[in-house]
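Letter 15 of the sequence shown, counting from 1, is numbered 15 in full-length UniProt numbering, and no numbers are missing.
For glycine and all other residues, C-beta sits at the position ideal for the given N, C-alpha and C.
Read the structure below first, then the notes.
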Amino acid sequence: MREPRFCFQTRSDVDVLDDGYKWRKYGQKVVKNSLHPRSYYRCTHTNCRVKKRVERLSEDCRMVITTYEGRHTHSPNDDQNSSENECFKSF
Numbered sequence: 001m002r003e004p005r006f007c008f009q010t011r012s013d014v015d016v017l018d019d020g021y022k023w024r025k026y027g028q029k030v031v032k033n034s035l036h037p038r039s040y041y042r043c044t045h046t047n048c049r050v051k052k053r054v055e056r057l058s059e060d061c062r063m064v065i066t067t068y069e070g071r072h073t074h075s076p077n078d079d080q081n082s083s084e085n086e087c088f089k090s091f
């Protein structure tokens, strides 16, 4: 079964919009016929497999295209179990 996917365009000066979730960038790639790269992110929450792609629209660099793939297994701002905090819990 394919993961649900949705995308939207937003006019913004920043590439990554605050959506209430924590993300870790894991890649970036040059997009053909565009001056702007595409960035790839994963949700940092433990066992959450949601990914997102962020890129600027080549025809209008003020527009940011954000694409999400998957469903979060947690609520926004629920970073108690995020993988980046786990190392601090063991001390």
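Cα-Cα, which of the options is closest to residue i?
i     : options                       : result
Gln9  : Val30, Lys29 and Leu17        : Leu17
Arg2  : Asp78, Arg49 and Met63        : Arg49
Asp13 : Ser75, Gln28 and Val54        : Val54
Pro37 : Asp60, Gln28 and Ile65        : Gln28
Asp60 : Thr44, Asn77 and Leu35        : Leu35
Phe6  : Arg71, Thr67, Ser75 and Pro76 : Thr67
Glu69 : Lys22, Asp19 and Lys52        : Lys52
Using C-beta distances below 8 angstroms, list every residue in its chain close to residue i, excluding the 5 sequence neighbours before and after it, in chain order.
i     : result
Asn33 : Ser58
Arg71 : Glu3, Pro4 and Val50
Looking only at its own chain, which residues have a Cβ that is under 7 angstroms from the Cβ of residue i, when we skip the five neighbours before and after it?
i     : result
Arg11 : Arg62 and Met63
Asn47 : Thr73
Arg24 : Tyr41, Arg42 and Thr44
Give me the DSSP bridge partner(s) of residue i.
i     : result
Val54 : Ser39 and Thr66
Lys22 : According to DSSP, Lys22 bridges with nothing at all.
Thr10 : Val64
Lys29 : Arg38
Arg5  : Glu69
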